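*Asks:* Below is the structure I would like to discuss, written out as structure tokens.
In the working numbering, the protein residues as written are 199 to 403.
Printed below as a string of structure tokens:
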């Protein structure tokens, strides 16, 4: 069923479909993502910081490209073990792009405020406080019902915090697409505001 959905509307897409759809489970071997070189190395986040940020970030942005046309989509997501997961409809521009080109870029960020906003301060000396992570990798479609169910349950747990386990039957699973991105490069960057020094009251004499 999933194969029929993604094929519709494509031109000569058979080879791309075979690269994108992988119904067999992929044996997991821990290969930490490679960090890209950064100009402002003092603001670089280490791998542990970058992964922790991705686990808690609420919104990510998926960058795809097809026939030399870039496309960015904001979405909810799940990060675990060097992989990013998201769900979407059974057809649409994202899937068309991914079938044509499985290579993707993914970004998540957090804006914390502005530095030097007082009147009279030169604009070029101002800055922002933030954290951001950029990932590169290859996307594939998850077709195993059991795998889809596990990922959807974890997505629900991340965003809804329900007291009961959600139920996903075969009909519901057949109406949703789950995509996995295997991350090959991961880079994080931060500029955090220094914590305010705690003031201690002078002891009474």
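In this text, a Cβ means the ideal position worked out from N, Cα and C, and glycines have one as well. Keep in mind that this is a model prediction, so the values were computed, not measured.
1) How would you call residue 370, buried or exposed, if buried means at least 16 neighbouring beta carbons within 10 angstroms?
2) Return the chain-ordered list of same chain residues with a C-beta closer than 6 angstroms to the C-beta of residue 277, the five sequence neighbours on each side being excluded.
3) Using 8 angstroms as the cut-off, can you tell me whether the stretch 340-357 makes contact with the stretch 289-304, which would need three or more C-beta pairs spanning the two stretches below that distance?
4) Kindly list the residues whose CB is nearer than 6 angstroms to the CB of residue 248, restricted to its own chain and excluding five residues on each side of it in sequence; keep chain order.
5) Would you tell me roughly how many angstroms separate the C-alpha atoms of residue 343 and residue 285, rounded to the nearest one?
6) Should residue 375 be labelled buried (16 or more other beta-carbon atoms within 10 Å of its own) or exposed?
7) Residues bridged to residue 277 by DSSP?
8) Based on DSSP bridge pairs, tell me the residues matched to residue 413.
9) Residue 255 and residue 300: beta carbons closer than 8 angstroms?
10) Tell me, which residues are paired with residue 304 by DSSP?
11) According to DSSP, simplified to helix, strand and coil, what is residue 363?
12) Output the boundary residues of the alpha helix (DSSP H) element that contains residue 354.
13) Looking at the structure shown, is residue 311 part of a helix, part of a strand, or coil, going by DSSP?
14) Below 8 angstroms on the Cβ atoms is my guess for residue 275 versus residue 261; work out the distance and round it to an integer in Å.
15) With a threshold of 6 angstroms on Cβ separation, who are the neighbours of residue 271 within its own chain once the five nearest residues in sequence on each side are excluded?
16) Which of helix, strand or coil does DSSP assign to residue 288?
17) Based on DSSP bridge pairs, tell me the residues matched to residue 250.
18) Check for me: the alpha helix (DSSP H) holding residue 369 runs from which residue to which?
19) Buried or exposed: which applies to residue 357, given that a residue is buried once 16 or more other Cβ atoms fall within 10 Å of its Cβ?
*Replies:* The short version:
1) By the 10 Å Cβ count, residue 370 comes out exposed.
2) Excluding sequence neighbours, residue 277 sits near 252, 253.
3) Verdict: no, contact absent.
4) Taken in chain order, the residues that qualify are 331, 384, 386.
5) The straight-line gap separating the alpha-carbon atoms of residue 343 and residue 285 is approximately 13 angstroms.
6) It counts as buried.
7) 282, per the DSSP bridge assignment.
8) There is simply no residue 413 to check, as the chain begins at 199 and stops at 403 in what is shown.
9) By the CB criterion at 8 angstroms, residue 255 and residue 300 fall outside the cutoff.
10) DSSP, once it has assigned bridges, lists 260, 333 as partnering residue 304.
11) Looking at residue 363 - three-state DSSP - the assignment turns out to be coil, as it is neither helix nor strand.
12) Counting along the chain, the alpha helix (DSSP H) containing residue 354 begins and ends at 343-357.
13) Strand.
14) Rounded, the Cβ-Cβ distance is 13 angstroms, inconsistent with contact.
15) Once the five neighbours on either side are set aside, the close Cβ partners of residue 271 are 260, 292.
16) Coil, per DSSP.
17) DSSP output for residue 250 lists no bridge partner at all.
18) Unbroken alpha helix (DSSP H) run through residue 369: 368-371.
19) Counting Cβ neighbours within 10 Å, residue 357 comes out exposed, since fewer than 16 surround it.
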